[in-house]
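Undergrad: Numbering (my numbering), first residue to last: 38 to 519.
Glycine included, C-beta positions come from ideal geometry on N, C-alpha and C.
None of the values given here were measured: they were computed from a predicted structure.
Okay, handing you the structure first.
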Amino acid sequence: MSNARRQILLNIFKLFDLGLMAAAFLLAALAVMTSLHRTHAVTLTELFEMRVKIQNLAIFALFMVAWHFVFSGFGLYRSRRLSGRISEVVDVIKATSLGTLMIVVGAAMFHITLATPLFLFVFWAASTSATVGSRLMLRVVLVWVRRRGRNLRDVLIVGTNNRAVQFAGKLHSHPEMGYRVMGFVDRDWSGMEAFRSSGFAVACDFDGVPQYLRSSVVDEVVMALPMRSFHYEASRIATHCEEQGITVRMLSNLFDLKLARSSAENWDGDALVTHKTGRLEGWPVVAKRVFDLVVSSFLLLLLSPLLVLTAILIKLTSTGPVLFKQKRLGLNKRRFHIYKFRTMVADAEQRMREVEHLNEVTGPVFKIKNDPRITRLGRFLRKTSIDELPQLLNVLVADMSLVGPRPLPVRDYEGFNEDWQRRRFSVKPGITCLWQVKGRSSIAFEQWMQLDLQYIDKWSLWLDMQILVWTIPAILKGSGAV
Numbered sequence: 038m039s040n041a042r043r044q045i046l047l048n049i050f051k052l053f054d055l056g057l058m059a060a061a062f063l064l065a066a067l068a069v070m071t072s073l074h075r076t077h078a079v080t081l082t083e084l085f086e087m088r089v090k091i092q093n094l095a096i097f098a099l100f101m102v103a104w105h106f107v108f109s110g111f112g113l114y115r116s117r118r119l120s121g122r123i124s125e126v127v128d129v130i131k132a133t134s135l136g137t138l139m140i141v142v143g144a145a146m147f148h149i150t151l152a153t154p155l156f157l158f159v160f161w162a163a164s165t166s167a168t169v170g171s172r173l174m175l176r177v178v179l180v181w182v183r184r185r186g187r188n189l190r191d192v193l194i195v196g197t198n199n200r201a202v203q204f205a206g207k208l209h210s211h212p213e214m215g216y217r218v219m220g221f222v223d224r225d226w227s228g229m230e231a232f233r234s235s236g237f238a239v240a241c242d243f244d245g246v247p248q249y250l251r252s253s254v255v256d257e258v259v260m261a262l263p264m265r266s267f268h269y270e271a272s273r274i275a276t277h278c279e280e281q282g283i284t285v286r287m288l289s290n291l292f293d294l295k296l297a298r299s300s301a302e303n304w305d306g307d308a309l310v311t312h313k314t315g316r317l318e319g320w321p322v323v324a325k326r327v328f329d330l331v332v333s334s335f336l337l338l339l340l341s342p343l344l345v346l347t348a349i350l351i352k353l354t355s356t357g358p359v360l361f362k363q364k365r366l367g368l369n370k371r372r373f374h375i376y377k378f379r380t381m382v383a384d385a386e387q388r389m390r391e392v393e394h395l396n397e398v399t400g401p402v403f404k405i406k407n408d409p410r411i412t413r414l415g416r417f418l419r420k421t422s423i424d425e426l427p428q429l430l431n432v433l434v435a436d437m438s439l440v441g442p443r444p445l446p447v448r449d450y451e452g453f454n455e456d457w458q459r460r461r462f463s464v465k466p467g468i469t470c471l472w473q474v475k476g477r478s479s480i481a482f483e484q485w486m487q488l489d490l491q492y493i494d495k496w497s498l499w500l501d502m503q504i505l506v507w508t509i510p511a512i513l514k515g516s517g518a519v
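Put into structure tokens, the structure is as follows:
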């Protein structure tokens, strides 16, 4: 498709979106007017016959311009050929939600009485559903068109390594994306025989790229070269593409990472490719923090009589402070002080050497079922997990979360001998976790670490809720408590 034709269709699509927004606005206004005139439903004719102030028309025009910029800001008018349906739907919801929020702000500034809660809900629901529906319908049409050989983009892939072949295979297996592989660029090397067996062909070598770009239809060039050894060739080809206005893409997994997910960002003119493991990102993380704040505050108030009673009993039954404070490792190994009710004698830390040989668990951690340093009351506090309650303060100040891998003492961390185990520190530690609900100290150290990584890789707000629910019977049973 030519750039001029694409621009015309894009402008039509922008006007269509504004039309959907205006229709949603009218529908919301109808709903409000009908609610005010309960005797009969207000018709469109009656709505259009209403007098509208010039000021309100000007505000509506400004809102239409702002709506367009919001949609553009969320990338709803750039090519979504390589992005999935879910990604586009999420962006639409973000855009319509921000647009609705602008109405709230505008209504407060200009005293617009029409923007009632009913109006806002109907407008948001109508604009979101209509825009999402139109986007999904457009995708269906484009898939139909591309499967019939139209609206295709011709791609040249630089490199003939396994990664390049796999990428080309993905393009072939998804004809609805509308990409056609024209050939590969590379020089002769030891892996060329394996490449030829894949059924693909070499279009030219590195030196022949300028001429190939001049004489062939090439919409995009995809770089799949090892950057360390082929930086000169890759940068030279990218320059030729820039000169001829050809789009260049680069496979982001430059380091052949197995777990990390890649994402692209732009900051102050610099393109950044991010490799990140785990799933703790975006609005769910904000929701997790809000949940931590609300629940920890509520529990501290609700359990305050129990906390005071426990503190009094500790003071009456043994000498020493009420709270035990110890340095632990948190997010990305940041050090913080964890708080627990003291369950051992006051000099327990100094007597550590006396009992180290009694350790009953594998790995660098230290656990003894019948630790001689534990007080009589302390044994009960540990069995019931009451000793952990002061950690709600750690949650409140954001050192910890309600759910997450348990924070380990510095001593235990220094005993780690496998780097894969250290990935558990890539998230904020928690009061409870999978290890807590599956047996605690009865679980071997390596299995404990694997459970922590399982939590990180499969994290969701729903998983947090499940773990919190599972924690209740685990506490009642006292399973694995040491």
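Spatial neighbours of L490 within its chain, please: CB distance less than 7 Å, with the 5 preceding and 5 following residues excluded, ordered by chain position.
TA: By one-based count along the sequence shown, residue 490 stands at place 453. These residues qualify, in order along the chain: R460 and R461.
Undergrad: Using the C-alpha atoms, what's the distance from V440 back to V593?
TA: Residue 593 lies beyond the range of the chain shown here (38 to 519); nothing can be said about it.
Undergrad: From V182, H105 and I123, pick the residue whose C-alpha is nearest to that of L173; which is it?
TA: To locate residue 173, count along the sequence shown from 1; it is residue 136. The candidate whose alpha carbon is nearest that of L173 is I123.
Undergrad: Among residues of its own chain, excluding the 5 on either side of T165, which ones have a beta-carbon nearer than 7 Å to its beta-carbon?
TA: The residue labelled residue 165 in the question sits at position 128 within the sequence shown. The answer, listed in chain order, is V129, I130 and T133.
Undergrad: According to DSSP, simplified to helix, strand and coil, what is D191?
TA: As a working note, residue 191 is residue 154 in the sequence shown. Residue state, collapsed to three classes: strand.
Undergrad: According to DSSP, is F361 part of a helix, a strand, or is it coil?
TA: Mapped onto the sequence shown, residue 361 falls at position 324. Three-state result, F361: strand.
Undergrad: Using 8 Å as the Cβ pair cut-off and three pairs as the minimum, do the stretch 226 to 245 and the stretch 191 to 202 touch?
TA: Yes: the two stretches touch, three or more of their Cβ pairs being nearer than 8 Å.
Undergrad: Using a Cβ-Cβ cutoff of less than 6 Å, which residues in the same chain neighbour L430 once the five nearest sequence positions on both sides are dropped?
TA: Translated into positions along the sequence shown, residue 430 becomes position 393. Excluding positions up to five away in sequence, the list reads Y376.
Undergrad: Buried or exposed: where does Q428 fall if 16 or more other Cβ atoms within 10 Å of its Cβ makes it buried?
TA: As a working mapping, residue 428 is identified with position 391 in the sequence shown. Buried.
Undergrad: Quick check: what's the CA-CA separation for V195 versus V259?
TA: Your numbering for residue 195 matches position 158 in the sequence shown. Your numbering for residue 259 matches position 222 in the sequence shown. Looking at the two C-alpha atoms, the distance is approximately 6 Å.
Undergrad: Could you tell me the alpha carbon to alpha carbon distance between E213 and V180, rounded to whole angstroms?
TA: In the sequence shown, residue 213 corresponds to position 176, counting from 1. In the sequence shown, residue 180 corresponds to position 143, counting from 1. Approximately 5 Å, taken between the alpha carbons.
Undergrad: What residues match up with K207 in a beta bridge as DSSP calls it?
TA: Locating residue 207 in the sequence shown gives position 170, where the first residue counts as 1. Note: K207 sits in no beta bridge, so no partner.
Undergrad: In the DSSP assignment, the beta strand (DSSP E) including H374 goes from what residue to what residue?
TA: Residue 374 sits at position 337 when you count from the first residue of the sequence shown. Segment R372 to F378, the beta strand (DSSP E) holding H374.
Undergrad: Give the straight-line distance between the Cα atoms of R221 and E125, rounded to the nearest whole angstrom.
TA: Here residue 221 corresponds to residue number 184 of the sequence shown, with the count starting at 1. Here residue 125 corresponds to residue number 88 of the sequence shown, with the count starting at 1. At residue 221 the sequence reads Phe, which differs from the Arg that was named. Cα-Cα distance, rounded: 31 Å.
Undergrad: In the structure shown, what three-state DSSP assignment does T76 receive?
TA: Here residue 76 corresponds to residue number 39 of the sequence shown, with the count starting at 1. With a pLDDT of 49 at T76, under the threshold of 50, the predicted position of this residue should be treated as unreliable, and no value is reported.
Undergrad: Helix, strand or coil for R273? Go by DSSP, reduced to three states.
TA: Residue 273 sits at position 236 when you count from the first residue of the sequence shown. Of the three classes helix, strand and coil, the one that applies to R273 here is helix, per DSSP.
Undergrad: By DSSP's criteria, L366 is part of a beta bridge. Which residues make up the other side?
TA: Numbered from 1 along the sequence shown, position 329 holds the residue referred to as residue 366. L366 pairs with R372 and L445.
Undergrad: Apart from the five residues just before and just after L84, which ones in its own chain have a Cβ nearer than 8 Å to its Cβ?
TA: In the sequence shown, counting from the first residue as 1, residue 84 sits at position 47. Confidence at L84 is low in this model, with a pLDDT of 47, below 50, so the placement of that residue is unreliable and no value is reported for it.
Undergrad: Thinking C-beta only, is M139 closer than 8 Å to A103?
TA: Residue numbering aside, residue 103 sits at position 66 when the sequence shown is read from its first letter. Residue numbering aside, residue 139 sits at position 102 when the sequence shown is read from its first letter. Yes.
Undergrad: Going by CA-CA distance only, name the one from G476, I512, W457 and G236 that's closest to I493.
TA: Sequence index remark: in the sequence shown, residue 493 carries index 456 (1-based). That would be W457, whose Cα lies nearest to the Cα of I493.
Undergrad: On the DSSP letters alone, give me the boundaries of the alpha helix (DSSP H) that E483 sits inside.
TA: Stepping through the sequence shown from its first residue, residue 483 is reached at position 446. Counting along the chain, the alpha helix (DSSP H) containing E483 begins and ends at F482 to D494.
Undergrad: Taking Cβ positions, are V246 and D191 nearer each other than 8 Å?
TA: By 1-based counting over the sequence shown, the position of residue 246 is 209. By 1-based counting over the sequence shown, the position of residue 191 is 154. Contact: no.
Undergrad: Thinking C-alpha only, which one of D223, L250, S252 and F328 is nearest V239?
TA: Taking the sequence shown and counting its residues from 1, one reaches residue 239 at position 202. For V239, the nearest C-alpha among the options comes from D223.
Undergrad: Would you mind working out which of A145, S497, G400 and P510 sits nearest V323, comparing C-alpha positions?
TA: By 1-based counting over the sequence shown, the position of residue 323 is 286. Checking every option, the nearest Cα to that of V323 belongs to S497.
Undergrad: Ignore the nearest five residues each way along the sequence and tell me which others in R183's own chain have a CB closer than 8 Å to its CB.
TA: Reading the sequence shown from its first residue, position 146 is the one you call residue 183. The answer, listed in chain order, is L189, P212, E213, M214 and G215.
Undergrad: Put I123 into one of helix, strand or coil per three-state DSSP.
TA: Translated into positions along the sequence shown, residue 123 becomes position 86. Reduced to three states, the DSSP call for I123 is helix.
Undergrad: So what's E230 in DSSP terms, helix, strand or just coil?
TA: The residue given as residue 230 occupies position 193 in the sequence shown. Here E230 sits in helix by DSSP.
Undergrad: Under DSSP, the beta strand (DSSP E) around T354 begins and ends at which residues?
TA: For this step, residue 354 is matched to residue 317 along the sequence shown. Not the beta strand (DSSP E): T354 falls in the alpha helix (DSSP H), residues S341 to T354.
Undergrad: Where do the ends of the alpha helix (DSSP H) carrying F156 lie?
TA: Within the sequence shown, numbered from 1, the residue matching residue 156 stands at position 119. Taken as a continuous stretch (DSSP letters only), the alpha helix (DSSP H) holding F156 covers P154 to R184.
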